[in-house]
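Residue 117 in UniProt numbering sits at position 117 of the sequence shown, and the numbers go up by one each step. The beta carbon of each residue, even a glycine, is placed where N, CA and C say it ideally should be. Keep in mind that this is a model prediction, so the values were computed, not measured. What follows is one structure encoded as structure tokens, with my remarks underneath.
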Amino acid sequence: MISPRPLFRLAPPLAGAILPRAIRGLCTPAPPSKPPPEPLSPSELDAVSALLPRLLFAGHVPAAGRLLSAALLLPGSLDRLPLPSLAAHLASLPTLTPAFALLTALRHHPARPSPLPLATPLLEGLLSLRRARDAASVLRWLCRPDSPRRPDAATYATAVAGLCRLEDPKGALAALREMLADGIQASQELREEVVGVMLQDARIEEAWALEDAMRRPEIGSMVELVDKLLAEWEP
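In structure tokens form, the structure reads like this:
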């Protein structure tokens, strides 16, 4: 097995070669008698973890996507790779181009892994950096029809609460709309935060209408109201 030290000296276009087992798996189906691939070794895991941010920093985004895709072909990689630290690095970059490139690599991955282990901490990082618009873009990406996995309750709550904290009532309302459309009830605290940020934005009538609708058990009527509020939204 190749030791991790020379891996870091590979030219970026050849970064995917550090996992030849995974690369071969992309092109050649394993014979029925062949044992399943082994998980990443600790040295391989360290190598991938170190190389991904280096590739992104050097502008080799496609190579980073190929490396991540190759690593995820091996069992257990999604749980073992330090995706939260990778997400923190992506959130610190000036644009979301590298982040969306990696998320797109996950979307086209043959194993269809969930993007949430990367997308949720990315969303949290963007909100902590007060990048409300970019955080809303990540949430919209997760809610696309071709997304491998829509947000879960925790991701939605993070988005809605974070956008309220950043005083973005329209973004918070749009996130709440997707949450409700997925049949996920917002907590009382989250509802109060949405109503509060709308009141701060001087949208008094809309806030009271939303508060009244959220007291009712029917989610469908609330989704209709939020759609109406968003359609009639004026800056």
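Pairwise C-alpha distance: residue j and residue i
i, j, result
"D152", "V197", "23 Å"
"P94", "R216", "42 Å"
"S92", "G162", "17 Å"
"L81", "L73", "12 Å"
"Q200", "D212", "18 Å"
"T120", "A111", "19 Å"
"I2", "I219", "Because the pLDDT at I2 is just 41, under 50, the model does not fix this residue reliably, and the point stays unresolved."
"L78", "T158", "21 Å"
"A186", "D134", "23 Å"
"E224", "L45", "47 Å"
"P235", "L229", "12 Å"
"G59", "L142", "24 Å"
"D168", "A132", "7 Å"
"L190", "A172", "10 Å"
DSSP three-state assignment for residue i, whether helix, strand or coil
i, result
"R66", "helix"
"residue 236", "With the chain running from 1 to 235 in the structure shown, residue 236 is simply not present."
"I204", "helix"
"S221", "helix"
"P53", "helix"
"G183", "coil"
"P75", "coil"
"W233", "coil"
"E124", "helix"
"P145", "coil"
"D168", "coil"
"E192", "helix"
"P98", "helix"
"E178", "helix"
"R215", "coil"
"S92", "helix"
"L40", "coil"
"A161", "helix"
"D152", "coil"
Inter-residue CB distance, residue i and residue j (contact presumed, cutoff 8 Å)
i, j, result
"P75", "P36", "7 Å"
"E61", "T97", "The question names Glu, yet the displayed sequence has Val at residue 61. Confirmed, Cβ separation roughly 7 Å."
"A123", "V138", "Here the sequence assigns Leu to residue 123, which means Ala is not the residue at that position. The Cβ separation is near 5 Å, so the contact holds."
"G125", "A88", "5 Å"
"S147", "R107", "7 Å"
"V160", "V194", "7 Å"
Nearest candidate by alpha-carbon position, reference residue i, set the options
i, options, result
"P145", "W233, A87 and D182", "D182"
"E232", "E218, R133, M214 and A174", "A174"
"L56", "L86, S69, L78 and L40", "L86"
"L129", "L90, F100 and K170", "L90"
"Q188", "R150, L40, M214 and A154", "M214"
"E180", "E38, M222, R66 and A207", "It should be pointed out that residue 180 corresponds to Leu in this sequence rather than to Glu. Of the candidates E38, M222, R66 and A207, the one whose C-alpha sits nearest the C-alpha of L180 is M222."
"R165", "R149, R150, E192 and R203", "E192"
heavy atom of the ligand SAH below 7 Å from residue i C-beta
i, result
"T97", "Here there are no bound small molecules, and the ligand SAH is not part of this structure."
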